[in-house]
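Visitor: The sequence shown begins at 1 in the working numbering and counts up one residue at a time. The beta-carbon is built from N, C-alpha and C at its ideal position, and this holds for glycine as well. Since this is a predicted model, take the numbers as computed values, not measurements. Sharing a structure below in structure tokens format, with a few things to ask.
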Amino acid sequence: MAACTLSMINGWQEKLIEAKGDCVEMEMGMEFKQLTADIISYTTFGTSFMEGKEVFEIQMELMERAIASITDIFIPGIQYLPTRWNRRTWILKRRMRNTLKNIIVSRLKSKVDGVSDTSYGDDLLGLMMGLSTIESSKREESGLELNMDEIMDECKTFFLAGHETTSHLLTWTMFLLSINKEWQEKVREEVLRECGMGIPDADKLSKLKLVNMVLLEALRLYTPVIVLVRKATKEMKLGNLTIPKNTQISIPLAIIHRNKKYWGEDANEFNPMRFAEGVKKAAKHPNALVAFSIGPRACIGQNFAIMEGKTVMALILQRFSFSLSPDYKHAPTDRLTLQPQYGLPILLKPLQV
1 MAACTLSMIN
11 GWQEKLIEAK
21 GDCVEMEMGM
31 EFKQLTADII
41 SYTTFGTSFM
51 EGKEVFEIQM
61 ELMERAIASI
71 TDIFIPGIQY
81 LPTRWNRRTW
91 ILKRRMRNTL
101 KNIIVSRLKS
111 KVDGVSDTSY
121 GDDLLGLMMG
131 LSTIESSKRE
141 ESGLELNMDE
151 IMDECKTFFL
161 AGHETTSHLL
171 TWTMFLLSIN
181 KEWQEKVREE
191 VLRECGMGIP
201 DADKLSKLKL
211 VNMVLLEALR
221 LYTPVIVLVR
231 KATKEMKLGN
241 LTIPKNTQIS
251 IPLAIIHRNK
261 KYWGEDANEF
271 NPMRFAEGVK
281 KAAKHPNALV
291 AFSIGPRACI
301 GQNFAIMEGK
311 TVMALILQRF
321 SFSLSPDYKH
331 APTDRLTLQP
341 QYGLPILLKP
351 LQV
């Protein structure tokens, strides 16, 4: 995380030198998309980073194409016709599958040839491959067997779940700190007090209470996923309402997160202090913040996302002050995730610490 973030920051510093000024304007939406893609690629594929990044770039194009198709008139069977659009989609899917398969086969071959030790690597892919090759008796007992298709699907899911959402969490956090300068100073003071100018480790990250509160408030006000969809596995009663089995239910997170019934009269205002005593005591209901969902289907990457958010924000706050560009237009839009429609142009000014 830190290495990828510092690489991004070095790029900003080079642009400052080129500009020969005391500040530079950056479009943070794109910067954070690239950063989180790099972090997820390293986490998932480790030494196979470049090939993994190619997979994720293909997946991003496929996702953009899926979004564009939502507003099209649906004609039954059209997805099977060899149109230019469909042919491009088929090519992308084949390339993604073949690249993923080659990465997995390469690691299997390295182990067979004795190039690597007994493991397949300490990244996510290596851990999943380890589960797929344990003794058959242990697989049956543990239920942890994964075949190649499942491994490839998990890699794609991990990227989708951890890339866009974390990217927009960072984007909206930068936006909120840009327009709330007193909080920007508060969290910077905390970062410098606890971490100095060093790279924050797990122990130091745990001490960044104010940074954590700001991230949670950003999640509340601009939750990346504004609606959760769940299906009832059995008929159930919810108050006076009977929900039949297999009914699909939409849970409007964005409305819940700004509901004055739970969050008080300042529900639409930026107030990280509401999280001073933790998430459960932040509102009048312990589960009023559901950005990561709750229960057995809660996001398994929520701790990773918060740790990533803390690391990235700490390294930026150590080195820059920032403010909103006059060109910014506030237009949050839902394109699978909540994001600024026209990007987030930010003026970055290096600090003399």
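1) What ranges does the beta strand (DSSP E) occupy inside the stretch 276-329, keeping only unbroken runs of at least 3 residues that lie completely in it?
2) Identify, in the order they occur along the chain, each residue of the same chain with its Cβ nearer than 7 Å to the Cβ of GLU135, setting aside the five sequence neighbours on each side.
3) Across which residues does DSSP place LEU241 in a beta bridge pair?
4) How close, in whole Å, do the beta carbons of GLU154 and MET128 come, if the pair is a contact with beta carbons under 8 Å?
5) Looking at ALA314 and PRO200, is the spacing between their C-beta atoms short of 7 Å?
6) Take SER142 and list the residues in its own chain whose beta-carbon comes closer than 7 Å to its own, dropping the five residues that flank it on each side.
7) DSSP state of ILE249, grouped into three classes?
8) What residue range is occupied by the uninterrupted alpha helix (DSSP H) comprising ILE346?
9) Judging by CA-CA distance, which residue of LEU177, LEU124, ASN271, ILE39 is the nearest neighbour of LEU317?
10) Can you tell me the Cα-Cα spacing of VAL214 and GLU194, whole angstroms?
11) Considering Cα atoms alone, identify which of ILE103, MET197, TRP183 is closest to PHE322.
12) The beta strand (DSSP E) with ASP153 in it runs from where to where?
13) Could you check which residue in GLU64, ILE103, THR311, PRO345 has the C-alpha nearest to that of THR36?
14) Counting along the chain, where does the beta strand (DSSP E) carrying MET26 start and finish?
15) Looking at the structure shown, is PRO340 part of a helix, part of a strand, or coil, going by DSSP?
16) Bridge partners of ARG335, per DSSP?
17) Can you list, in chain order, the residues of its chain with a C-beta nearer than 7 Å to that of ASP22? Leave out the 5 residues immediately preceding and following it.
18) Which residue's Cα is closest to the Cα of MET174: ILE58, THR337, ARG188?
19) In the DSSP assignment, the alpha helix (DSSP H) including LYS231 goes from what residue to what residue?
20) Just checking my contact of LEU324 with ILE179 at CB under 8 Å: how many whole Å lie between their CB atoms?
21) Helix, strand or coil: which one does DSSP assign to THR83?
22) Answer with buried or exposed for LEU344, where buried requires no fewer than 16 other C-beta atoms within 10 angstroms of its C-beta.
23) Measuring only the C-alpha atoms, how far is TRP12 from THR171?
24) Drop a sphere of 10 angstroms on the beta-carbon of ARG274, count the other beta-carbons inside from all chains shown, and report buried for 16 or more, exposed for fewer.
25) Can you give me the C-alpha to C-alpha distance between ILE255 and ASP266, rounded to a whole angstrom?
26) Of all the options LYS101, PHE159, ILE73, which has the alpha carbon lying nearest to the alpha carbon of LEU124?
27) Where does TYR120 fall in DSSP's three states?
28) Determine the direct distance from the alpha carbon of LEU81 to that of ARG258, and round the result to whole angstroms.
29) Rounded to the nearest angstrom, what separates GLY198 and ARG319 at their Cα positions?
30) Have a look at LEU216 and PHE45 and give me their C-alpha separation to the nearest angstrom.
31) My output table needs one value for THR43: the three-state DSSP class, helix, strand or coil.
32) To the nearest angstrom, report how far apart GLU235 and SER293 are at their CA atoms.
33) Quick one: any contact between the stretch 325-332 and the stretch 237-247, if contact means 3 or more CB pairs under 8 Å?
Guide: Let me lay it out:
1) 320-324
2) For the purposes of this step, residue 135 is identified with residue 135 of the sequence shown, where counting begins at 1. With a pLDDT of 46 at GLU135, under the threshold of 50, the predicted position of this residue should be treated as unreliable, and no value is reported.
3) In the sequence shown, the residue the question calls residue 241 occupies position 241. Note: LEU241 sits in a beta bridge opposite LEU238.
4) Looking up residue 154 in the sequence shown gives position 154. Looking up residue 128 in the sequence shown gives position 128. GLU154 to MET128, Cβ: 6 Å. Contact.
5) Walking along the sequence shown from the start, residue 200 turns up at place 200. Walking along the sequence shown from the start, residue 314 turns up at place 314. With respect to ALA314, PRO200 sits close: the two C-beta atoms are nearer than 7 Å.
6) For the purposes of this step, residue 142 is taken as residue 142 along the sequence shown, with counting starting at 1. Any reading at SER142 must be qualified, since the residue scores a pLDDT of 49, below 50, and its modelled position is unreliable; the value itself is stated next. Result list for SER142: empty, nothing under 7 Å.
7) For the purposes of this step, residue 249 is taken as the residue at position 249 of the sequence shown. ILE249: strand per DSSP, three-state reduction.
8) As a position in the sequence shown, residue 346 is number 346, starting the count at 1. Not the alpha helix (DSSP H): ILE346 falls in the beta strand (DSSP E), residues 345-350.
9) If you number the sequence shown from 1, residue 317 lands on position 317. It is LEU177.
10) For this step, residue 214 is matched to residue 214 along the sequence shown. For this step, residue 194 is matched to residue 194 along the sequence shown. The alpha-carbon atoms of VAL214 and GLU194 are separated by roughly 16 Å.
11) As a first step, residue 322 must be located in the sequence shown, where it is residue number 322. PHE322 has its Cα closest to that of TRP183, out of ILE103, MET197, TRP183.
12) Taking the sequence shown and counting its residues from 1, the one referred to as residue 153 is at position 153. No beta strand (DSSP E) contains ASP153, which is instead part of the alpha helix (DSSP H) from 148-179.
13) On the sequence shown, position 36 is the one that residue 36 refers to. Of the listed residues, the one whose Cα sits closest to THR36 is THR311.
14) The residue given as residue 26 occupies position 26 in the sequence shown. First-last of the beta strand (DSSP E) with MET26: 24-27.
15) Along the sequence shown, read from residue 1 onward, the residue named residue 340 stands at position 340. PRO340 falls in the strand class under three-state DSSP.
16) Position 335 of the sequence shown holds residue 335. Beta-bridge pairing links ARG335 to THR337.
17) Stepping through the sequence shown from its first residue, residue 22 is reached at position 22. Contacts found: LYS349.
18) Position 174 of the sequence shown holds residue 174. Here the closest residue by C-alpha is ARG188.
19) Position 231 of the sequence shown, counted from the start, is the residue given in the question as residue 231. Looking at the DSSP string, LYS231 is not in any alpha helix (DSSP H); the run it does join, the beta strand (DSSP E), is 227-231.
20) Indexing the sequence shown from 1 puts residue 324 at position 324. Indexing the sequence shown from 1 puts residue 179 at position 179. That belief holds up - the Cβ atoms of LEU324 and ILE179 are roughly 6 Å apart, short of 8 Å.
21) Numbered from its first residue, the sequence shown carries residue 83 at position 83. Note: THR83 maps to coil in three-state DSSP.
22) Residue mapping note: residue 344 aligns to position 344 of the sequence shown, counting from 1. LEU344 comes out buried.
23) The count along the sequence shown starts at 1 and reaches residue 12 at position 12. The count along the sequence shown starts at 1 and reaches residue 171 at position 171. Cα to Cα, the separation comes out at about 16 Å.
24) Stepping through the sequence shown from its first residue, residue 274 is reached at position 274. With 16 or more Cβ atoms within 10 Å of its Cβ, ARG274 is classed as buried.
25) The residue given as residue 255 occupies position 255 in the sequence shown. The residue given as residue 266 occupies position 266 in the sequence shown. Roughly 14 Å separates the two Cα atoms.
26) Numbered from 1 along the sequence shown, position 124 holds the residue referred to as residue 124. If you compare the alpha carbons of LYS101, PHE159, ILE73 with that of LEU124, the shortest gap goes to PHE159.
27) Walking along the sequence shown from the start, residue 120 turns up at place 120. In the structure shown, TYR120 sits in coil (DSSP, three-state: anything other than H, G, I, E or B).
28) Locating residue 258 in the sequence shown gives position 258, counting from the first residue. Locating residue 81 in the sequence shown gives position 81, counting from the first residue. Their Cα atoms are separated by approximately 45 Å.
29) On the sequence shown, residue 198 is found 198 positions in, with the first residue counted as 1. On the sequence shown, residue 319 is found 319 positions in, with the first residue counted as 1. Our two residues, GLY198 and ARG319, have alpha carbons roughly 11 Å apart in a direct line.
30) Taking the first residue of the sequence shown as position 1, residue 216 is located at position 216. Taking the first residue of the sequence shown as position 1, residue 45 is located at position 45. Whole-angstrom Cα-Cα distance: 29 Å.
31) Indexing the sequence shown from 1 puts residue 43 at position 43. It is helical.
32) Looking up residue 235 in the sequence shown gives position 235. Looking up residue 293 in the sequence shown gives position 293. The alpha-carbon atoms of GLU235 and SER293 are separated by roughly 21 Å.
33) no
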